[in-house]
Every structure is written in C-alpha cells, then in structure tokens.
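Written below as structure tokens is the structure these notes are about.
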Amino acid sequence: MTRPQPRAEGPSGLYWQALRRREFLLPYDAHKDRFLHPIESLVGTPVEWLPAPRQGHIVSFSWVHLPTEGYEEVPYVLATVALDKGPQLMCNIANAEVGDVQIGARVELTFEERADGWIVPQFIATRLAMGSNTAKNTT
Amino acid sequence: MPDRPRPTPLPNAPAIAAAVELRPGRYPGKSTQQLYRDAVTALLEEVPQARPHLDGLLTPPREMGGPHPDTFFHEKLMEELGITPRLSVMLNAGGATYGYMVQYAALAISAGMAEAVLCVGAGRFEKMSPSTAAQMVRNACHEDFEFVYGAAIPALYAQYATRYLHDTGLGEADLAAVSVSARAWALRNPAAITHGKGPITVEDVLASRMIASPLRYLNCSIPCDGGGAVLVTNRRLARELTDQPAYILGMGQHHGHGYVSQSPNLAPVGIAESGQAAFAMSGLSPSDIQHAQLYDAFSFNPLMLLDKLGFATSKEAAEWFHSGRTSPGGDFPVNTYGGLIGYGHTGDASGMSMLVEGARQVMGADSGRQVAAETALIHTYGGMLAEHCTLILGRESA
Numbered sequence: 001m002t003r004p005q006p007r008a009e010g011p012s013g014l015y016w017q018a019l020r021r022r023e024f025l026l027p028y029d030a031h032k033d034r035f036l037h038p039i040e041s042l043v044g045t046p047v048e049w050l051p052a053p054r055q056g057h058i059v060s061f062s063w064v065h066l067p068t069e070g071y072e073e074v075p076y077v078l079a080t081v082a083l084d085k086g087p088q089l090m091c092n093i094a095n096a097e098v099g100d101v102q103i104g105a106r107v108e109l110t111f112e113e114r115a116d117g118w119i120v121p122q123f124i125a126t127r128l129a130m131g132s133n134t135a136k137n138t139t
Numbered sequence: 140m141p142d143r144p145r146p147t148p149l150p151n152a153p154a155i156a157a158a159v160e161l162r163p164g165r166y167p168g169k170s171t172q173q174l175y176r177d178a179v180t181a182l183l184e185e186v187p188q189a190r191p192h193l194d195g196l197l198t199p200p201r202e203m204g205g206p207h208p209d210t211f212f213h214e215k216l217m218e219e220l221g222i223t224p225r226l227s228v229m230l231n232a233g234g235a236t237y238g239y240m241v242q243y244a245a246l247a248i249s250a251g252m253a254e255a256v257l258c259v260g261a262g263r264f265e266k267m268s269p270s271t272a273a274q275m276v277r278n279a280c281h282e283d284f285e286f287v288y289g290a291a292i293p294a295l296y297a298q299y300a301t302r303y304l305h306d307t308g309l310g311e312a313d314l315a316a317v318s319v320s321a322r323a324w325a326l327r328n329p330a331a332i333t334h335g336k337g338p339i340t341v342e343d344v345l346a347s348r349m350i351a352s353p354l355r356y357l358n359c360s361i362p363c364d365g366g367g368a369v370l371v372t373n374r375r376l377a378r379e380l381t382d383q384p385a386y387i388l389g390m391g392q393h394h395g396h397g398y399v400s401q402s403p404n405l406a407p408v409g410i411a412e413s414g415q416a417a418f419a420m421s422g423l424s425p426s427d428i429q430h431a432q433l434y435d436a437f438s439f440n441p442l443m444l445l446d447k448l449g450f451a452t453s454k455e456a457a458e459w460f461h462s463g464r465t466s467p468g469g470d471f472p473v474n475t476y477g478g479l480i481g482y483g484h485t486g487d488a489s490g491m492s493m494l495v496e497g498a499r500q501v502m503g504a505d506s507g508r509q510v511a512a513e514t515a516l517i518h519t520y521g522g523m524l525a526e527h528c529t530l531i532l533g534r535e536s537a
C-alpha cells in the first residue's frame with residue numbers, strides 16, 4: 001500500500017502546498033520570535049508564513065513493530081521533533097540507526113516524496129544529513 | 140491567572156447506589172445494542188426498586204469508536220426503558236466518558252434536577268479490517284500531522300512512554316512490574332480475560348514481543364467486548380437501595396493537549412490539575428486514600444498517574460509495584476479487577492471497568508478480592524492522555 005497523503009485542508013493547506021514546491025514554511029509569531037505549528041494558526045490572529053528552521057532535536061520516539069498503512073516494513077521510527085525556535089512536529093527518522101535515535105539527538109529536515117507529488121517533511125540525524133536532501137524510503 | 144472559584148462539597152450527598160459490569164469477552168451473536176440492554180438489565184436486577192425512580196439517562200454515542208456511531212442512542216434507549224427522564228444527554232470523552240457521566244449525574248442530583256441517573260455503556264474492540272483500523276487512528280490523532288507518519292495507537296502512546304522513562308530514570312522492568320501486579324489481581328477475578336492464564340513475571344513481560352518501543356505485548360491492554368452500568372442517586376434513595384453506597388466526595392477534570400505531538404516535551408497535561416480539584420472538593424489528601432483504580436491502556440499509565448496525582452514519585456511508585464504493595468495483600472491495592480491489561484479493554488466501555496470496581500470496593504461487594512477500602516480514587520482519561528477525570532469515593536458522605 002502507498003503511504004498516506006495529507007488532506008491539506010484549512011491552514012494545513014498552506015503548509016502542504018508550499019512543500020509541493022519544496023518550501024518548508026510555518027506561521028511566524030513576531031512577538032514571541034517563534035515559529036508556530038500550522039494548527040496553532042487557527043486561532044484567528046493573522047500570521048505571516050515564513051521559511052522555518054530546518055534543524056531541531058528529538059523529543060521522543062518509538063521503534064514501531066506494528067505494520068500500518070504504507071508502513072509494511074518494520075520496525076520504523078515514529079518520533080516527535082522540536083524545531084529550533086519552533087514547534088514540535090511528528091515525523092519518521094530517515095535512515096534510522098539505533099545510536100542516532102535518542103532523546104536530545106540533533107536532526108535536520110529532509111523531504112520524502114509520496115504519490116501524486118506530495119512532499120512529506122521528515123528528519124534525519126545531523127551527522128547523516130550532509131549532501132542528502134531527499135529520503136525516498138525512511139525505514 | 141484569574142482567581143478561580145474553589146470546589147465545594149456536593150449538596151444532597153450524591154452516591155453510586157449500584158454498579159454492574161458484563162463479563163468481558165467475545166459476543167459474536169449479540170449486537171452492541173443488545174449489550175446495552177444486558178447491562179441495564181443486570182443493573183435493574185441488582186436494584187429492581189430503583190426502576191420507578193429513574194429520571195436520568197446518560198449514554199455515549201453507540202459504537203463511538205467505530206465507523207458508524209449512533210449519536211442519538213440515548214433517545215432510543217429511553218424508549219426501550221419506557222421512561223421520559225428529566226435529564227438525558229449523550230456524552231463522549233473516550234476513556235473518561237463514564238467518569239464524567241458520574242460527575243454530571245452528581246451535579247444534577249446536587250441541584251435537584253434528578254433523583255436517579257442511569258449511566259450505561261457497552262463496547263466492542265474487535266479485530267478490525269485495515270481500513271477500519273486506519274479510520275479509527277485517523278479519528279484518534281491529527282490526519283495531516285500524525286497519521287501520515289504511520290502513527291498507530293501504541294506508537295502514539297509510546298511517545299509519552301519513551302519520554303517518561305527518560306525523564307524519571309525508570310526502565311522497562313518497572314513497566315513490567317505494573318503488568319505483573321495487574322495479572323496477580325486478574326487471577327483473583329474469574330471474569331478477567333487472563334484469569335486462567337497463570338501468573339507472569341517481570342522476565343515474561345520483557346520477553347514478550349515488542350509492539351512499539353518501549354511497549355511490549357504484555358504492557359498493552361487486551362481488546363474484548365463488554366459493558367456496564369452505574370446508578371447515581373441522592374443519599375435518601377441510595378440508602379433505600381443499598382446498605383453501603385459509594386458517596387461521591389470529590390470530582391475533578393482537566394483537559395490537556397488533543398494531539399500527542401503538541402504536548403510540550405511529551406509530558407501529558409492535566410493529570411495533576413484534575414487530581415487537585417478532586418482532593419480540594421473532598422477535603423482529603425493522597426495519604427487519606429487506601430486504594431486506586433487507574434486507567435491503564437498501557438502499563439506506564441499507573442506509574443505516571445500515581446506520580447502526577449501526588450501519591451509518590453515515579454521511582455517510589457515503581458517500587459510499590461515491584462514490592463507487592465499494589466498487589467493482592469498489599470497495603471495500597473491498584474486495579475483490583477486486573478486492570479485493562481489483565482481484565483480486558485472493552486473498547487468504548489473501557490472507562491466503565493475501573494469505575495465499577497472502585498465503587499464496588501467501597502460498597503463492600505463480596506468479590507473474593509475485597510480490600511479494606513474506606514475510600515477509592517478513580518482516575519480515567521480520554522483521548523491519548525488528553526482529558527482527565529478524577530473521582531474520590533467514600534463510605535461516609537461529606
């Protein structure tokens with residue numbers, strides 16, 4: 001099965017449409033000098049969408065041994081990453097090795113291509129990130 | 140933060156006057172609707188004289204976890220019961236549903252809006268087709284920011300669990316000790332799914348297959364079908380119906396993050412606030428409580444809850460499980476029915492199990508696993524540790 005695609009509905013549409021152009025944009029809160037999660041921009045305050053930080057650290061993770069839609073190859077890593085000066089995002093860790101997947105480990109943005117031209121943001125250990133900018137298969 | 144009003148004791152001494160549960164298992168020949176009828180029938184068999192007093196009905200949407208929930212089910216059940224109640228509404232907050240039902244029933248009774256409120260639920264937790272399972276996960280998390288990453292339910296909970304172990308210094312053996320204690324209680328409960336399966340050790344849990352690290356098979360609750368009902372009444376009626384009601388002394392709730400990934404540093408929000416509200420209303424503190432029924436979809440939950448509710452540090456809580464304090468014969472029994480891990484997780488009705496057990500312990504029901512319970516604390520939650528519900532029950536009214 002193919003991996004799930006976003007519905008890209010409401011404010012999350014801006015996020016996903018930008019990703020289709022390989023741009024990683026998030027709403028920016030100038031007062032707090034901090035980037036917000038796309039769902040935080042729902043509250044009705046107009047915000048500017050700007051290029052967001054591409055580095056962060058792992059806040060938590062799990063090696064998942066349960067196959068799910070498009071994730072038949074196990075184990076895969078489901079992680080939560082905190083962007084520098086930005087929100088927490090759920091993701092997979094691309095090309096994951098046990099030693100790299102630790103709480104606090106530095107990670108960097110990479111793009112996974114999915115069907116119908118969708119681009120899904122993923123993260124990869126900073127030490128592996130040099131020169132690679134597309135992870136075709138994150139498991 | 141503005142000054143908020145303090146919780147005060149409830150007028151009219153609302154109490155649980157009866158609490159019953161169907162045996163958890165598989166009911167392939169019965170509709171979910173029939174499980175509801177069976178739960179109501181079991182309750183009315185226990186307190187037949189309550190029937191003419193019934194003037195409140197609370198249900199969840201029938202099959203709320205499935206693809207086609209019935210969101211007007213309470214109206215249909217009213218017709219079948221032949222009542223035109225003063226108070227009825229459908230209520231859903233996942234695992235916290237039934238704890239919240241007791242809270243709203245108690246408020247209605249305190250305000251004189253109802254005399255006897257029936258809270259009922261039934262559920263099935265079947266092996267689902269991949270598309271149904273995917274739909275359930277879509278509902279349970281954010282489609283565009285979590286589901287697209289293969290976020291199965293144990294994997295979502297595991298985000299909390301991994302971080303919890305990291306922050307507290309606990310390890311997988313401590314999670315295992317919770318499962319061991321749950322099984323020890325399940326062996327004393329003939330209704331429990333694992334009743335006939337014999338005791339387990341920490342080593343057995345650590346040898347069971349990994350589902351989503353750090354959660355192994357024996358750290359997870361067991362899907363099954365079931366249902367139950369509780370009757371909340373005022374003191375006068377409760378005393379007519381039973382020698383020993385379970386008085387509702389404290390109630391609290393708090394609502395944290397709807398999406399796992401948005402909980403700052405993966406620390407669930409709202410457990411402590413919910414507990415503090417319940418303690419404040421009751422005038423009690425953790426040291427006054429003799430036993431606890433703690434929602435345990437996964438085995439890290441009871442450790443985290445004992446810590447956040449103020450009973451012990453996580454390290455101490457883990458030691459309670461290892462040393463047998465929480466097990467049969469221990470001085471702080473936890474999940475005396477076997478927990479969702481040992482007894483079974485009845486899908487939409489899972490939040491009923493610890494409520495019924497806590498109430499029956501306080502009421503002194505002869506179950507063969509009776510503990511010395513002057514009081515009980517029951518903590519349930521809905522969503523992925525998102526919305527919290529604490530109840531404190533006692534043998535003496537406030």
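So the protein sequences, as listed, match chains F and D.
Letter by letter, the first sequence follows residues 1 to 139 in this note's numbering.
Letter by letter, the second sequence follows residues 140 to 537 in this note's numbering.
For every residue, glycine included, the Cβ atom is placed at its ideal position computed from N, Cα and C.
Predicted model, so just to flag it, every value in this text is computed and none were measured.
{"Check": "Kindly indicate if chain F contains any beta-carbon less than 8 Å away from that of Leu193 of chain D.", "Outcome": "no"}
{"Check": "Helix or strand or just coil, what does DSSP make of Arg21 of chain F?", "Outcome": "coil"}
{"Check": "For the beta strand (DSSP E) that contains Asn92 of chain F, what are its first and last residues?", "Outcome": "Gln88 to Ala94"}
{"Check": "Quickly, what does DSSP pair Val259 of chain D with across the bridge? List them, please.", "Outcome": "D:Ala368"}
{"Check": "I need the DSSP call for Arg302 of chain D, collapsed to helix, strand or coil.", "Outcome": "helix"}
{"Check": "Fully enclosed by the stretch 470-505 of chain D, which alpha helix (DSSP H) runs are 4 residues long or longer?", "Outcome": "478-481 and 489-502"}
{"Check": "Candidates D:Thr475, D:Ser421, D:Phe211 and D:Glu526: which alpha carbon is nearest Met532 of chain D's?", "Outcome": "Checking the displayed sequence, the identity of residue 532 of chain D turns out to be Leu instead of Met. It is D:Ser421 whose Cα lies nearest to the Cα of Leu532 of chain D."}
{"Check": "With three or more beta-carbon pairs closer than 8 Å as the criterion, would you say the stretch 514-521 of chain D touches the stretch 113-128 of chain F?", "Outcome": "no"}
{"Check": "Could you say which of F:Val120, F:Thr110, F:Tyr76 and F:Arg114 lies nearest to Glu97 of chain F if we only look at CA atoms?", "Outcome": "F:Tyr76"}
{"Check": "Quick check on Tyr15 of chain F: does DSSP put it in helix, strand or coil?", "Outcome": "helix"}
{"Check": "Beta-carbon of Asn137 of chain F versus every beta-carbon of chain D: anything under 8 Å?", "Outcome": "Because Asn137 of chain F carries a pLDDT of 44, less than 50, the predicted location of this residue cannot be relied on, and no value is offered for it."}
{"Check": "Find the residues of chain D that neighbour Pro4 of chain F, judging by a C-beta separation of less than 7 Å, and give them in chain order.", "Outcome": "Phe286 and Val287"}
{"Check": "Where DSSP assigns a beta bridge to Pro362 of chain D, which residues make up the other side?", "Outcome": "D:His484"}
{"Check": "On the DSSP letters alone, give me the boundaries of the beta strand (DSSP E) that Pro338 of chain D sits inside.", "Outcome": "Run containing Pro338 of chain D: none; DSSP gives neither H nor E here."}
{"Check": "Going by DSSP, name the residue or residues bridged to Phe123 of chain F.", "Outcome": "F:Ile93 and F:Leu109"}
{"Check": "Should Ser426 of chain D be labelled buried (16 or more other beta-carbon atoms within 10 Å of its own) or exposed?", "Outcome": "exposed"}
{"Check": "Give a yes or no on contact between the stretch 379-390 of chain D and the stretch 348-358 of chain D, applying the rule of three or more CB pairs nearer than 8 Å.", "Outcome": "no"}
{"Check": "When the Cα of Leu216 of chain D is compared with those of D:His396, D:Gly260 and D:Leu345, which residue comes out closest?", "Outcome": "D:Gly260"}
{"Check": "Are Val81 of chain F and Val107 of chain F touching if we call contact CB-CB under 8 Å?", "Outcome": "yes"}
{"Check": "Which residues in chain F have a C-beta closer than 7 Å to the C-beta of Ile350 of chain D? List them in chain order.", "Outcome": "His65 and Leu66"}
{"Check": "Quick check: what's the CA-CA separation for Thr147 of chain D versus Ala300 of chain D?", "Outcome": "35 Å"}
{"Check": "Go ahead and label Ala346 of chain D buried or exposed: buried means 16 or more other beta carbons lie within 10 angstroms of its beta carbon, across all protein chains shown.", "Outcome": "exposed"}
{"Check": "Could you check the C-alpha separation between Pro113 of chain D and Ala416 of chain D for me, to the nearest Å?", "Outcome": "What the structure shows of chain D is the stretch from 140 to 537, and residue 113 of chain D is not part of that stretch, so it cannot be assessed."}
{"Check": "Tell me the residue span of the alpha helix (DSSP H) that contains Trp49 of chain F.", "Outcome": "Careful: Trp49 of chain F lies outside any alpha helix (DSSP H), inside the beta strand (DSSP E) at Glu48 to Pro51."}
{"Check": "Under 8 Å, do Ala290 of chain D and Ser360 of chain D count as touching if we go by C-beta distance?", "Outcome": "no"}
{"Check": "Start and end of the alpha helix (DSSP H) containing Met275 of chain D?", "Outcome": "Pro269 to Ala279"}
{"Check": "Look at the Cβ atom of Met491 of chain D, then the Cβ atom of Tyr237 of chain D, and state whether they are nearer than 8 Å.", "Outcome": "yes"}
{"Check": "Taking C-beta to C-beta, are Lys85 of chain F and Pro53 of chain F nearer than 8 Å?", "Outcome": "yes"}
{"Check": "In chain order, what residues of the same chain have a beta carbon less than 8 Å from the beta carbon of Ala331 of chain D, not counting five sequence neighbours either side?", "Outcome": "Pro163, Trp324, Ala325, Tyr476, Gly477, Gly481, Tyr482 and Gly483"}
{"Check": "So does the stretch 519-531 of chain D actually touch the stretch 226-244 of chain D, counting three or more Cβ pairs closer than 8 Å?", "Outcome": "yes"}
{"Check": "In the DSSP assignment, what residue or residues form a beta bridge with Leu532 of chain D?", "Outcome": "D:Ile387 and D:Ala515"}
{"Check": "Can you look up Ile332 of chain D in the DSSP assignment and give me helix, strand or coil?", "Outcome": "coil"}
{"Check": "Over the uninterrupted beta strand (DSSP E) stretch that includes His213 of chain D, give me the two end residues.", "Outcome": "Premise fails: His213 of chain D lies in the alpha helix (DSSP H), Phe212 to Leu220, not in any beta strand (DSSP E)."}
{"Check": "Just the Cα atoms here: how many angstroms apart are Cys280 of chain D and Phe286 of chain D?", "Outcome": "6 Å"}
{"Check": "What are the residues of the stretch 427-449 of chain D that lie near chain F, defined by any Cβ-Cβ distance shorter than 7 Å?", "Outcome": "none"}
{"Check": "Just grab the DSSP bridge partners of Ile155 of chain D for me.", "Outcome": "D:Val371 and D:Ala385"}
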